[in-house]
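Numbering (this note's numbering), first residue to last: 695 to 880. Yeah, the Cβ is synthetic: ideal placement off N, Cα and C, and Gly gets one too. Report on the structure given below.
In structure tokens, the structure reads:
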């Protein structure tokens, strides 16, 4: 391994560690969070995951798992912590896709489509987790259960995911432009 490759490996490891720390801390300290159990919205909670998506599948999966741990450590209900762990699905898929198609984020239209697909996978995984934990075997479900599940967790998750994706993309572009960290091949 050359000195240049060694430096890149150390930078990648350091950035992954920083994003991991942020993924754990954001659910614990972010003042803007709304909990409508089993749904929750914590501003920028996906930001470290989105940045890790631009780094590759391994950092994305690791940071996504750390995000789930952050929700558990922050004292959120169990089902919300499990929803956080489900982020590994959209993060890993997104990282693999971005690795093969880095130009997907260059145009607003393709970036929005990519963001929507990731947000849909994200919301679908969370809906499945919530249903498995709260609905399966519960007998008769409470009135409004599916409205809560599909509107607050599903649709709300898509909107929240897309907003955080754009925040993450703009953050990555700004860091890239300032030559702080290179997320994109220029």
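Residue burial classification, residue i (beta-carbon count within 10 angstroms, cutoff 16)
i: residue 749; result: buried
i: residue 795; result: exposed
i: residue 695; result: exposed
i: residue 800; result: exposed
i: residue 872; result: exposed
i: residue 842; result: buried
i: residue 804; result: exposed
i: residue 830; result: exposed
i: residue 767; result: exposed
i: residue 837; result: exposed
i: residue 802; result: exposed
i: residue 773; result: buried
i: residue 850; result: buried
Neighbourhood of residue i by C-beta distance below 6 Å, restricted to the same chain and skipping five residues each side
i: residue 736; result: 721, 724, 727
i: residue 823; result: 776, 777, 780
i: residue 798; result: 804, 808
Own chain residues within Cβ distance below 8 Å of residue i, not counting five before or after
i: residue 793; result: 750, 751
Residue i versus residue j - alpha carbon distance
i: residue 867; j: residue 713; result: 16 Å
i: residue 747; j: residue 705; result: 16 Å
i: residue 821; j: residue 784; result: 13 Å
i: residue 711; j: residue 742; result: 10 Å
i: residue 869; j: residue 771; result: 34 Å
i: residue 761; j: residue 739; result: 8 Å
i: residue 790; j: residue 840; result: 32 Å
i: residue 757; j: residue 701; result: 21 Å
i: residue 708; j: residue 826; result: 36 Å
i: residue 745; j: residue 853; result: 18 Å
i: residue 855; j: residue 811; result: 10 Å
i: residue 806; j: residue 874; result: 25 Å
i: residue 879; j: residue 715; result: 25 Å
i: residue 765; j: residue 865; result: 23 Å
Endpoints, the beta strand (DSSP E) within which residue i is located
i: residue 728; result: 727-730
i: residue 809; result: Looking at the DSSP string, residue 809 is not in any beta strand (DSSP E); the run it does join, the alpha helix (DSSP H), is 802-824.
i: residue 734; result: 733-736
Delimiting residues of the alpha helix (DSSP H) encompassing residue i
i: residue 786; result: 781-794
i: residue 698; result: 697-723
i: residue 756; result: 751-767
i: residue 857; result: 850-871
i: residue 741; result: 741-747
7 Å Cβ shell around residue i - same chain, five flanking residues per side excluded
i: residue 763; result: 718
i: residue 815; result: 783, 784, 787
i: residue 846; result: 730, 733
Presumed contact (8 Å Cβ cut-off) between residue i and residue j, rounded CB distance
i: residue 817; j: residue 848; result: 5 Å
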